[in-house]
Structures are given as structure tokens and as C-alpha cells.
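**Q**
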Amino acid sequence: CFTFMEVAKQFGMQAAIAAQNGPHPEQQWQVVVSLWEQAINQLKKIPGDNPAYLEAQTKLGEYQVNLANVKMRLQAEKESKIAFKEAKNLIADWQRYAVDDTSNRGILANKIQLIINQLENIKPGTTYYKEAQELLIFAKNKQKSL
């Protein structure tokens, strides 16, 4: 029969493994959050008179910090996903204007600035960051040519 401590450590180990080699998509971070929460719940079951209580409290603090960090990564991934989708929509919109020879250069410049702003909202360490940086270079070069 496993103790709460052993089960908590197993969940913690699984969470740590699942979080390795990021960036990860939103779903993966949600799995990691769930694993840390399960590990924390196991530690909270250890009563104060248990010989493992002190170790459990130490682990609890460590796991809560890990959970908070993973929740920040999850939030960054969610926010970057939204910014990336918005940037892609703005790019499609910009392309429609760019094809039209009668388009006002001011409108094109404004739209390219909106694209740049959205791309700059995409956080490092997310699955969208690398592609966003490539698009950002392209957008800034287009901006210079206007």
C-alpha cells in the first residue's frame, strides 16, 4: 500500500517529466497543472502527527511554487494563442488591402503597425513565439518599405 507521500512524489515526478522540453501547447500545460494539483492534494492528506508531516510541508511549498510557475506558462500560452490568431487575421486583412493598388499607404502603414503590436504580444517560451518572430521580421521589413 502506497503512502500519501509516495503517491504525491509520483504525481510530482510525472508533472516534472510532462513539463520538460517545452514549449508546450495549452493542453499539455493543463495536464501538468492537473498533475501538480493532484500531488498537492496528496500532501495535504498527511496529518500533523504523521512522521512524514514535516517533509510533506516542505514538498507542499515546493510543489505549490511549481504549480504557480506552470500556471504562468499556461496563461502565457493562452494569451500568445489569442495574439497570434489576431495577428494572422490582421495579416489576411492587410494582404487584401495590399493587393488593391488604390489602397491608401496610411491605411497599410496603420494595419502593419497593428500586426507588429500583436506579434510583439506573443511571449517567449510559447509554441507561437518562433513563428511570431519570423512574421515580425517580415512585418517590420514591410513597414520600412511603405
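Each residue of the sequence shown is one higher than the one before, starting from 2 at the first, in our numbering. Just so it is clear, CB atoms sit at the ideal spot from N, CA and C, and this is done for glycine as well. Since the model is a prediction, treat every value here as computed from it, not as a measurement.
#1: Can we say the segment 68 to 88 touches the segment 97 to 110, given the rule of at least three CB pairs closer than 8 angstroms?
#2: Measure the alpha-carbon distance for residue 1 versus residue 125 and round it to whole angstroms.
#3: Could you give the DSSP three-state label for residue 104: helix, strand or coil?
#4: Three Cβ pairs or more, each shorter than 8 angstroms: is that satisfied between the segment 34 to 53 and the segment 83 to 92?
#5: I need the boundaries of the alpha helix (DSSP H) containing residue 130, first residue and last residue.
#6: Measure the Cβ-Cβ separation of residue 19 and residue 8 and say whether it is below 7 angstroms.
**A** The short version:
#1: In short, these stretches do not touch, since the Cβ pair count stays below three.
#2: No answer is possible for residue 1: it lies beyond the span of the chain, which begins at 2 and ends at 147.
#3: In the sequence shown, residue 104 corresponds to position 103, counting from 1. Residue state, collapsed to three classes: coil.
#4: Not touching, per the Cβ criterion.
#5: Start at 1 with the first residue of the sequence shown, and residue 130 comes out as number 129. In this chain, the alpha helix (DSSP H) harbouring residue 130 covers 130 to 146.
#6: Residue mapping note: residue 19 aligns to position 18 of the sequence shown, counting from 1. Residue mapping note: residue 8 aligns to position 7 of the sequence shown, counting from 1. No.
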